[in-house]
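Protein chains in written order, with my numbering: chain A, 23 to 373; chain B, 885 to 1204; chain C, 1050 to 1360.
Backbone N, C-alpha and C define an ideal beta-carbon position, used for all residues, glycine too.
Here is the structure we will look at, set down as structure tokens.
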């Protein structure tokens, strides 16, 4: 008995054996070589011909191997497995292509001097060493800052209303907010244009853009905050109330601190959602080539607007500027993305 | 002697003043967010009503978007029928191409992926969801379109006998097919996320019961995961459709707007309400602006309807 | 060659049970018998002969030196048991002693837990089910399982549920209706559901659902049926009904049942294994005929447990 105890080592007999792996590898190599052969000797050509042949050959190879080794059931299982892997690799290829092209086409124009100059003295067609996107940096900074300032309290109050106060309309509000997250961004822009410009007679300004972004940000903040608040155990609230605290103090001293990193995540996710929004800005901020330090009046620019404008101009240098703008915008988005994950993970690890 | 059953007492709580204030503030915040949706609809109708009333039903069904030319005595004629149709076409194409890939990816993440690849793959999908639409617009136009044009030519060459793939004129760029392709990539993250969520809720005991009966992974998925997650996948696909219907800038760059209804999806002629709004907005006079508001309102209603339905289906599935 | 203890069949057997065989009595009915002193393998050999098959050493299911881990946590240590065809074996022991883990190693359900590891062998008809290259789905077809909570597939009707194993394994048969009826009869459910075969499985009561799950397992004709506390979620009436079902089934297959209920173990099983964990990995303290375990246990701890002194 004790001998068995000493000799017994954890084993994983269900893991693939080297032989299984070799078979799979041989199958993959065969699929690849046969694909190359078929593409070489048939009229199929180009990346598409290669990709399609590879897909067909991988499915065929996997199916045949499983059928020979096992039976029809295993063969169907293998072919669906290959299909699922192909679906996942499509997603990876698409993302890799997007990121690769952004870097390939956007990075060459990148230098620190673009953060010190605007486009007021420079035409879009000029080489990228001239001009910069400081005006867009400032514009996006204002837009995101004020949108976050407006949307955060409303979003979190909405979540508190649904989860903590559980008012009479909690279900309705929840449903409406959920539906609002699907409102097209162009509609948010039109709404602000109708309300702020047409009804109230204001002109294009950074503030109008903020309002449009706020409309888009509220549902993201509210829904994420709602999820976070729901994760706070009910015991915590009851413990607070049982100590004789008012609901207000329980929420402020117990619930919100416990949910803090999650609520931060909610705000960051909201920012990441709106920082690249283009359509509503086209209807609200007017666009500018010069720095505008006043968010409440005068035309304003922003990264997405800058990209859009140069894309429409369409000359070689302008398009390079558009890619440069997208490059900087993507870095910004990824920073917010990483921050959101960081705070989201902190929430998870504390539990 | 008959037993007397006491009437239940009413329990009333008199909240403290601070709680009254707290509840008041929170309630007003929550109601404001809820009302916002109504405000959006109201202001769009309010500003677009005149145009919609003037056009009547032909606002929805008409194919023309013609400004008034007072010199010739020609009245304005605004109808978004072709654009609505085009929006539907690109949305449906996006679903056809995007949903299978998204569901496959969700299955991959839930049941196939080895542990070491799962986490990076989740990040890949999340990053894709975070990419702004303008990026897809640029990428779609400069990177994807040259490839997609070639694919479209092949499809036309071999499947041209199908009316959808017929070509009256050999212009393959900026077609509904290419717009649908870009939208498909854009909706994959949300469809994947929703599908993965419902797949993850599939009761473990049912999965084990299927395996204990000798199921393979695929037969288990067919017998247990799909029946359980069907509602969620449909709901997720509809959420994706809602996104696709309202997408603006990514479609604008890769779709040629033509005020006509065509079934040939490879042809460089399509429609999209959101893109049209951006397209016409710059030079619109006040009358045309009203028509654009009306178009925005119709788009708002359509996406809202799709989203309501999607959320309804998802919530219903989640409750079961 | 004849069994030395041919106790006659108990209860009413269903007509379709063609092979009525002498059967080891359940502990509650017999006192100590010569059969009880025989080793497991001798009894198994004798019984296979009785079934009219050639004596096959190691036929049925056998666990040899099973160890199991979850991550670094050693949960089972060196468990060896034999489950011969035609017998019912009960596994008893306090919560957390590894009973469920053990039976899940027998049909390779153990490996679904990501951190799981294993040592030892499980032999089905003398072949190791963990051998590389073994088709695990075939193993699970031969070693069926009934779970703690009834889990009929809710998207399927009663008929579809019973036949789901065939669909899952893509087996086609010519006479599904016959199979449907015989499985439901063997599970003791036919009379209750014969008029509502196209209703959904969820419309049945808990006990009926569990018998539906048993019928579902029977449809793929397993050699062994593993039952992981099949009655723990059921009322006493349903429990009795399922125990009857177990007795009726035990002639044609080998049944392994995990239970917390010692009366149940005594009522339905021929052999009993007692597992215990003293904070460390679960060990097989004693394994013998049910009669022996309940009347004359060799180990003090077994005696304490079956007499209700702990657990």
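What residues in its chain sit with their C-beta under 7 angstroms from that of residue i, if we drop five residues either side in the sequence?
i, result
"residue 137 of chain A", "154, 156 and 159"
"residue 1165 of chain B", "1176"
So with CB distances below 7 angstroms, who are the chain C contacts of residue i?
i, result
"residue 1100 of chain B", "1186"
Work out the CA separation of residue j and residue i for me, nearest whole Å.
i, j, result
"residue 1227 of chain C", "residue 1268 of chain C", "11 angstroms"
"residue 367 of chain A", "residue 1302 of chain C", "51 angstroms"
"residue 1203 of chain C", "residue 97 of chain A", "27 angstroms"
"residue 56 of chain A", "residue 79 of chain A", "7 angstroms"
"residue 44 of chain A", "residue 1130 of chain C", "35 angstroms"
"residue 1013 of chain B", "residue 343 of chain A", "24 angstroms"
"residue 1240 of chain C", "residue 1113 of chain B", "33 angstroms"
"residue 1296 of chain C", "residue 1135 of chain C", "10 angstroms"
"residue 1313 of chain C", "residue 1307 of chain C", "10 angstroms"
"residue 1123 of chain C", "residue 42 of chain A", "28 angstroms"
"residue 189 of chain A", "residue 362 of chain A", "30 angstroms"
"residue 236 of chain A", "residue 262 of chain A", "33 angstroms"
"residue 278 of chain A", "residue 224 of chain A", "38 angstroms"
"residue 1098 of chain C", "residue 1133 of chain C", "The pLDDT assigned to residue 1098 of chain C is 31, lower than 50, so where the model puts this residue is not dependable; a value taken from the coordinates is nonetheless given after this. Straight-line Cα distance between these residues: approximately 12 angstroms."
"residue 191 of chain A", "residue 899 of chain B", "19 angstroms"
"residue 1106 of chain C", "residue 1192 of chain C", "Caution is warranted here: a pLDDT of 46 is assigned to residue 1106 of chain C, below 50, making its placement in the model unreliable, and no coordinate value can be reported."
"residue 1077 of chain C", "residue 1340 of chain C", "Low confidence applies here, because residue 1077 of chain C scores a pLDDT of 38, under 50, leaving its location unreliable; read the following figure in that light. About 8 angstroms."
"residue 1192 of chain B", "residue 198 of chain A", "9 angstroms"
Taking residue i as the query, report the chain A residues whose CB atoms sit under 7 angstroms from its CB, ordered along the chain.
i, result
"residue 1191 of chain B", "201 and 204"
"residue 931 of chain B", "216 and 220"
"residue 1160 of chain C", "36"
Whose Cβ in chain B lies nearer than 7 angstroms to the Cβ of residue i?
i, result
"residue 184 of chain A", "914"
"residue 255 of chain A", "Neighbours of residue 255 of chain A on chain B: none; closest Cβ ~20 angstroms, over 7 angstroms."
"residue 1156 of chain C", "1096"
"residue 352 of chain A", "1019"
Run through chain C and tell me which residues come within less than 8 angstroms of residue i, C-beta to C-beta.
i, result
"residue 430 of chain A", "Only positions 23 to 373 of chain A appear in the structure, and residue 430 of chain A is not among them; the question remains open."
"residue 102 of chain A", "By Cβ distance, chain C contributes nothing, its closest Cβ being about 12 angstroms from residue 102 of chain A, past 8 angstroms."
Spatial neighbours of residue i within its chain, please: C-beta separation below 6 angstroms, excluding the five flanking residues on both sides.
i, result
"residue 124 of chain A", "348, 349 and 352"
"residue 346 of chain A", "128 and 131"
"residue 1068 of chain C", "For residue 1068 of chain C, the predicted structure reports a pLDDT of 37, less than 50, and the residue's modelled location is therefore unreliable. The matter cannot be settled from this model."
Please list, in chain order, the chain A residues whose beta carbon lies closer than 9 angstroms to that of residue i.
i, result
"residue 1271 of chain C", "Correct list: empty, because the minimum Cβ distance to chain A is about 17 angstroms."
"residue 1158 of chain B", "206, 207, 208, 209 and 301"
For residue i, go through chain C and note every residue whose CB falls closer than 9 angstroms to its CB, in chain order.
i, result
"residue 1085 of chain B", "What residue 1085 of chain B touches in chain C: nothing, since even the nearest Cβ is about 13 angstroms away."
Our contact map puts residue i next to residue j with C-beta atoms below 8 angstroms; I'd like the distance itself, whole angstroms only.
i, j, result
"residue 203 of chain A", "residue 241 of chain A", "4 angstroms"
"residue 1140 of chain C", "residue 1322 of chain C", "5 angstroms"
"residue 183 of chain A", "residue 910 of chain B", "5 angstroms"
"residue 201 of chain A", "residue 1195 of chain B", "6 angstroms"
"residue 982 of chain B", "residue 1124 of chain B", "6 angstroms"
"residue 1282 of chain C", "residue 1255 of chain C", "6 angstroms"
"residue 1149 of chain B", "residue 973 of chain B", "7 angstroms"
"residue 162 of chain A", "residue 297 of chain A", "7 angstroms"
"residue 1195 of chain C", "residue 1287 of chain C", "The Cβ separation is near 13 angstroms, so there is no contact."
Who are the neighbours of residue i on chain B, taking C-beta pairs under 9 angstroms?
i, result
"residue 99 of chain A", "1100, 1101, 1102 and 1103"
"residue 1366 of chain C", "The requested residue 1366 of chain C is not part of the displayed model; chain C covers only 1050 to 1360."
"residue 161 of chain A", "In chain order: nothing, as chain B lies at least about 14 angstroms away."
For residue i, I'd like the list of residues in its chain whose CB is within less than 8 angstroms of its CB, leaving aside the five on either flank, ordered along the chain.
i, result
"residue 1218 of chain C", "1186, 1190 and 1269"
"residue 1025 of chain B", "1137 and 1138"
"residue 1187 of chain B", "1126, 1129 and 1130"
"residue 280 of chain A", "254 and 258"
"residue 1102 of chain B", "none"
Who are the neighbours of residue i on chain B, taking C-beta pairs under 8 angstroms?
i, result
"residue 1266 of chain C", "1096 and 1097"
"residue 107 of chain A", "992 and 996"
Going along chain A in order, which residues have a C-beta closer than 8 angstroms to the C-beta of residue i?
i, result
"residue 1181 of chain C", "35, 39, 41 and 42"
| said: By the 8 angstroms beta-carbon criterion, what residues does the stretch 1213-1227 of chain C contribute toward chain B? | reply: The stretch 1213-1227 of chain C vs chain B, Cβ under 8 angstroms: 1213, 1214, 1216, 1217, 1218 and 1219.
| field | Near-chain B residues of the stretch 72-97 of chain A (beta-carbon distance less than 7 angstroms), N- to C-terminal order | value | Only those residues of the stretch 72-97 of chain A whose C-beta falls short of 7 angstroms from the nearest C-beta of chain B are listed: 95 and 96.
| Interface residues of the stretch 1194-1205 of chain C facing chain B [CB-CB below 7 angstroms] | From the stretch 1194-1205 of chain C, only 1194, 1196, 1198, 1200, 1202 and 1204 have a Cβ closer than 7 angstroms to chain B.
| query | What are the residues of the stretch 1058-1090 of chain B that lie near chain A, defined by any Cβ-Cβ distance shorter than 7 angstroms? | reply | For the stretch 1058-1090 of chain B, which is checked against every Cβ of chain A, the residues closer than 7 angstroms are 1069 and 1072.
| task | Please list the residues of the stretch 1105-1118 of chain B that have a C-beta atom closer than 9 angstroms to any C-beta atom in chain C, keeping them in chain order. | result | Taken in chain order, the members of the stretch 1105-1118 of chain B whose beta-carbon sits within less than 9 angstroms of a beta-carbon on chain C are 1106, 1107, 1108, 1110, 1111, 1112 and 1114.
| Where the stretch 1033-1044 of chain B meets chain A: residues whose CB sits under 9 angstroms from a CB there | For the stretch 1033-1044 of chain B, which is checked against every Cβ of chain A, the residues closer than 9 angstroms are 1034, 1035 and 1038.
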